[in-house]
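Single-structure report; data block below.
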Amino acid sequence: MSVKSDNPNVKSIKHMAFAVRDAKAALENYAKFLDVPAETALIDYPKSKNRVALFNLGGIEYQLCQSLEEGGRFDAWIRERGAEGLHHICYEVENIDQALDHAKEQGAELRICKACGVYGSHPHPEGYVAFLDNDAGGIEIEFMQVYTPEELEKYNQYKGI
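Counting with our numbering, you get residues 1 to 161 for the letters of the sequence shown.
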């Protein structure tokens, strides 16, 4: 049985991001237990000071996210909770402004993007993103409106995170 969301803007899960102490070690476990390619790249993002392993599993993009400095976004999250775990789910939306309006009508507030220092919709490498300041069961909520090819070209000239 399939359950449809009442939010007409949510298309799918774009990615799930896990806060980990060591992205390489976490990736090794995913490779060993779930056959994720061991040669999956670890990408360092200097602006946000994170190291991320990106891969797809069961049609969902996974991000294993490690802070590169003590007190960074994922390090602080792990310390606060005492364990690694699911940090946020990014939902792909058709129209980010409409998705945000719908969420705000339900009492949601916006959270600052720690990588960019921006509240609300703003450009990221794959699309326009925004974070809610309301957790769902301890998991952060992110919305992303994926770029059209023309928007991606414009973003690449802008150079975000």
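Cβ coordinates follow ideal geometry from the N, Cα and C atoms, glycine included.
Just so you know, these numbers come straight off a predicted model, no measurement behind them.
For residue 100 and residue 132, the gap between their C-alpha atoms comes out near 8 Å. In the displayed model, residue 68 falls within coil according to three-state DSSP, outside both helix and strand. Residue 127 sits away from residue 106, with the two beta carbons spaced by 8 Å or more.
The C-alpha of residue 108 is placed about 23 Å away from the C-alpha of residue 19.
Excluding five sequence positions before and after residue 77, the CB atoms of its chain that fall closer than 8 Å to its own CB belong to 19, 87, given in chain order.
The three-state secondary structure of residue 155, taken from DSSP, is helix.
Only residues of its own chain outside the window of five on either side were considered, and among them 132 have a CB closer than 7 Å to the CB of residue 103, listed in chain order.
Relative to residue 151, the option among 37, 124, 41 whose CA is nearest is 124. The criterion of a C-beta distance shorter than 8 Å is not satisfied by residue 27 and residue 57. Apart from sequence neighbours up to five positions away, the residues of its chain that approach residue 30 with a beta-carbon distance below 6 Å are 36, ordered along the chain.
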